[in-house]
Amino acid sequence: MKSLGLMEVTALRASLGVVVMLFTLATAMVWAQDATADASMAAAPDKAAAYPAGLDDPFIEPNELELRLVPLTADELAALAAAWQEQARAATQAVVDKSLALRAGDEAEEDALRAERLELVEERDRIFEMAATVVASLEAKGGDPAEVEAMRGYLAAVIAAGRSQLTLQEFTDGLLDWLVSPEGGVAVAFRIAVIVGAFFALLIVAKIVRAWVRRAVDRTPQISNLLSGFLVMVVYWLTIAFGLMIVLAALGVNITPLFALVGGASFIIAFAMQETLSNLAAGLMIMINRPFDEGDYVLVAGLGGTVKHVSVVSTTITTPDNQVIVIPNSKVWGDVITNVTASETRRIDLVFGISYGDSIEQAQQVLEEVVASHPLVLDDPAPNIRVSELGDSSVNFIVRPWTKTSDYWSTYWDLQRAVKEAFDANGISIPFPQTDMHLHVADDGKAADPATVPPALTGGDATHERTVASYASGDDGADEPEDGDGGGSERG
62 MKSLGLMEVT ALRASLGVVV MLFTLATAMV WAQDATADAS MAAAPDKAAA YPAGLDDPFI
122 EPNELELRLV PLTADELAAL AAAWQEQARA ATQAVVDKSL ALRAGDEAEE DALRAERLEL
182 VEERDRIFEM AATVVASLEA KGGDPAEVEA MRGYLAAVIA AGRSQLTLQE FTDGLLDWLV
242 SPEGGVAVAF RIAVIVGAFF ALLIVAKIVR AWVRRAVDRT PQISNLLSGF LVMVVYWLTI
302 AFGLMIVLAA LGVNITPLFA LVGGASFIIA FAMQETLSNL AAGLMIMINR PFDEGDYVLV
362 AGLGGTVKHV SVVSTTITTP DNQVIVIPNS KVWGDVITNV TASETRRIDL VFGISYGDSI
422 EQAQQVLEEV VASHPLVLDD PAPNIRVSEL GDSSVNFIVR PWTKTSDYWS TYWDLQRAVK
482 EAFDANGISI PFPQTDMHLH VADDGKAADP ATVPPALTGG DATHERTVAS YASGDDGADE
542 PEDGDGGGSE RG
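Per the working numbering, the sequence shown starts with residue 62, numbered consecutively.
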């Protein structure tokens, strides 16, 4: 019995220990829950005040709000966006209440109610703009995309619903109020006036820059007229383009999408205008390498004419009979180009023939006198007059005087006439092309074997001998001139 008492005491002590442990654990859990609740209660005010004071003021200036949003974190912006969304909801509710009052009110109060509603609409629009600014900043700093999309959807839906509920009178009043509002019609009119004024100012500036560039390139002899005109045009339009972009950026217009649009369209344009781009590249090569200039007479693409105009895609020439021909620059640059008038002087190549019976010395002297007496023939380089060939029908002289390029054809035609008149005056003949035919007949009346007939010796003015092996039997060639008489049948 004594041992049983000890066991009971031991069990009682163990039970008391378990009870103490359970009580301690329960007390700890209660304390933890109280601490969590206290922390949540303390955190709630912190979350509500997670952004600097004054940023949810509906009368804050837009520029000030944008500037003060810069240092905020995404969490701070999320809390601020929620606050502005709540203000947008309250402002929308006020507009709705006033619209209902306007529709249910008396005509005597209609004007006053409409004026009050317009004020509320302006306040609501202002709050919506502020809220949109905060949401945009939240998105830029990595805010929750779903939260950003929900806020934007709410703002857009409220605006769309509000516009759909407008009456004609409310719409007209709102439009008139917007037109006279400093943030609405006045601001838009100001921007339009600035853009138009800036455009005309840019035209004046571009013309001044163009004149300055033209004077600069005119003082550079290495730049052709073609390249000069192209550079002036490019500078003129680049000045206008960059000036307009600067003006638009200064007015707050985002011009980044313009560059993205140009970059995306460049591939399509390059693919669709391959031939045009080829002409453009060839035009730039022509302007840079200067194979010809405006006013030059050229032979290109199998055509000849005076260059009238060269653009970046085509070359326009005028033929001597006044035809205007436009040639793609790719064909011009891809073919042989002959610039006839590139040099200041040109050599005239003439050939005159005299009879074999005329004096070479006399003909030489006559030609030298005719060339020397012409006023358009240059002394330097000196003319070149030489016997160049003993031809079939004549002794040929080359006459090669030099003249200015602009006087080429006048000198050419004058010398042709002057030489003919001088030859006639001095008894020098210019022979016709002649052919002498010698027929050899055998004694038996049959044609001789050509292999046994020796070549005949002919005389006279540059005759050409031909041996005929087959001829009508019995023809002794009595009509043929005798060898050495210088005659022959003339063929004009």
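Beta carbons are placed, not taken as given, at the ideal position from N, Cα and C, and that holds for glycine.
CA-CA distance, residue i and residue j?
{"i": "A211", "j": "D118", "result": "22 Å"}
{"i": "R276", "j": "Q283", "result": "14 Å"}
{"i": "L439", "j": "P462", "result": "7 Å"}
{"i": "R280", "j": "P444", "result": "37 Å"}
{"i": "S467", "j": "D357", "result": "11 Å"}
{"i": "V308", "j": "V296", "result": "18 Å"}
{"i": "D396", "j": "N350", "result": "15 Å"}
{"i": "W474", "j": "I421", "result": "24 Å"}
{"i": "A310", "j": "F303", "result": "11 Å"}
{"i": "Y18", "j": "V432", "result": "Look at the range of the chain in this structure, 62 to 553, and you will see that residue 18 is not part of it."}
{"i": "S416", "j": "I489", "result": "8 Å"}
{"i": "P494", "j": "I446", "result": "23 Å"}
{"i": "L128", "j": "T194", "result": "11 Å"}
{"i": "D186", "j": "V255", "result": "25 Å"}
{"i": "A143", "j": "E137", "result": "10 Å"}
{"i": "G324", "j": "I330", "result": "10 Å"}
{"i": "V249", "j": "E125", "result": "21 Å"}
{"i": "L237", "j": "R213", "result": "27 Å"}
{"i": "V247", "j": "V241", "result": "6 Å"}
{"i": "L322", "j": "P206", "result": "26 Å"}
{"i": "Y215", "j": "Q154", "result": "14 Å"}
{"i": "S327", "j": "G290", "result": "25 Å"}
{"i": "P106", "j": "A201", "result": "Below a pLDDT of 50, predicted positions are generally treated as unreliable, and P106, at 41, falls in that range; the measurement from the model is reported next regardless. Approximately 26 Å, taken between the alpha carbons."}
{"i": "E355", "j": "I253", "result": "43 Å"}
{"i": "K481", "j": "I491", "result": "9 Å"}
{"i": "L133", "j": "V274", "result": "50 Å"}
{"i": "G452", "j": "F458", "result": "10 Å"}
{"i": "D382", "j": "M346", "result": "29 Å"}
{"i": "L341", "j": "W298", "result": "17 Å"}
{"i": "Y112", "j": "R150", "result": "20 Å"}
{"i": "A222", "j": "A165", "result": "20 Å"}
{"i": "E430", "j": "F484", "result": "11 Å"}
{"i": "D419", "j": "P389", "result": "54 Å"}
{"i": "A272", "j": "A114", "result": "58 Å"}
{"i": "T496", "j": "D441", "result": "41 Å"}
{"i": "M294", "j": "V257", "result": "22 Å"}
Indicate whether residue i and residue j have their beta-carbon atoms separated by less than 8 Å.
{"i": "N487", "j": "Q384", "result": "no"}
{"i": "L428", "j": "T472", "result": "no"}
{"i": "V131", "j": "V156", "result": "no"}
{"i": "G344", "j": "V373", "result": "yes"}
{"i": "L199", "j": "A139", "result": "yes"}
{"i": "L163", "j": "L174", "result": "yes"}
{"i": "I121", "j": "Q148", "result": "no"}
{"i": "V371", "j": "I398", "result": "no"}
{"i": "V270", "j": "T300", "result": "yes"}
{"i": "V278", "j": "L263", "result": "no"}
{"i": "E190", "j": "P123", "result": "yes"}
{"i": "V401", "j": "V359", "result": "yes"}
{"i": "S449", "j": "S391", "result": "no"}
{"i": "L288", "j": "M348", "result": "yes"}
{"i": "V460", "j": "L411", "result": "yes"}
{"i": "V209", "j": "V219", "result": "no"}
{"i": "A192", "j": "W145", "result": "yes"}
{"i": "K159", "j": "E177", "result": "yes"}
{"i": "L476", "j": "I409", "result": "yes"}
{"i": "G203", "j": "A135", "result": "yes"}
For residue i and residue j, which I take to be in contact (beta-carbon distance under 8 Å), what is that distance rounded to the nearest angstrom?
{"i": "H435", "j": "A479", "result": "7 Å"}
{"i": "L305", "j": "F353", "result": "Contact flag wrong, Cβ pair sits at about 36 Å."}
{"i": "T380", "j": "V393", "result": "The pair is not a contact, with the Cβ atoms about 15 Å apart (cut-off 8 Å)."}
{"i": "T337", "j": "R407", "result": "About 37 Å; that fails the 8 Å criterion."}
{"i": "L116", "j": "L141", "result": "6 Å"}
In the DSSP assignment, what are the bridge partners of residue i?
{"i": "S375", "result": "P389"}
{"i": "V412", "result": "I459"}
{"i": "E450", "result": "N457"}
{"i": "G366", "result": "V359"}
{"i": "T317", "result": "Partner(s): none; T317 has no beta bridge."}
{"i": "T399", "result": "L360"}
{"i": "R407", "result": "T464"}
{"i": "N445", "result": "R461"}
Notebook entry, point to check: Is the segment 310 to 319 touching the segment 359 to 379, taking contact as three or more C-beta pairs under 8 Å?
Noted result: no
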